[in-house]
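Residue numbers (the working numbering): 307 to 471.
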Ligand code: GDP
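Structure below.
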């Protein structure tokens with residue numbers, strides 16, 4: 307989830323080059339799950355496939371209607387409007403949809419340090435208030451992108467099988 311232009315596509319592309327990438331490859335059948343957005347991740351000796359679905363490309367779907375394991379809300383730290391949109395998305399998930407699933411807030415474009423308009427501590431405070439993880443990344447520099455990928459998978463594994471980790 308997140309405003310257009312914040313780097314969702316760039317982050318997903320970087321996931322494909324992750325050092326945690328596993329061996330699994332998806333067939334090329336076009337469907338809702340967009341095969342090009344599937345990435346297999348090898349973590350702690352276990353391979354998992356993550357399917358990333360961009361909300362803006364499926365404006366008609368209802369969040370409640372599809373089996374989602376985690377929500378990733380991206381904004382650009384250089385773009386306050388995208389942060390405001392992220393705030394609304396976090397509130398919508400926690401207060402309207404009332405999901406207990408993992409929600410990860412991501413401040414992307416940290417390489418644009420001089421254009422930063424959203425303070426790290428503000429976003430971290432928002433995340434804490436709504437029981438979300440907060441991560442900062444630069445898809446452009448591939449900075450902290452692997453950590454984000456591993457963090458998403460760890461959170462999903464934790465909620466599926468809390469005793470396993
Ligand atoms: P999306 O609409 O959220 O999928 O955004 P895109 O991934 O298409 O990115 C929008 C623009 O931002 C593109 O020109 C990207 O090259 C650029 N971009 C994405 N991530 C970063 C980043 O971390 N830093 C910088 N400087 N630019 C980025």
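Virtual Cβ for every residue (Gly too), placed ideally from N, Cα, C.
The beta strand (DSSP E) spanning residue 439 covers which residue range?
First-last of the beta strand (DSSP E) with residue 439: 439-442.
Could you tell me the distance, in whole angstroms, from the CA atom of residue 345 to the CA atom of residue 354?
Taking the straight line from one Cα to the other gives about 8 Å.
Among all the DSSP beta bridges, which residues are the ones paired with residue 312?
Beta-bridge pairing links residue 312 to no other residue.
Return the chain-ordered list of same chain residues with a C-beta closer than 6 Å to the C-beta of residue 391, the five sequence neighbours on each side being excluded.
If we look at residue 391 and ignore the five residues flanking it on each side, its Cβ neighbours are 309.
Residue 412 and residue 378 look like a contact to me (Cβ under 8 Å); what is the Cβ gap, rounded to whole Å?
Between residue 378 and residue 412 the Cβ distance is about 6 Å, and since that is below 8 Å, they are a contact.
Bridge partners for residue 358 per DSSP, in chain order?
DSSP output for residue 358 lists no bridge partner at all.
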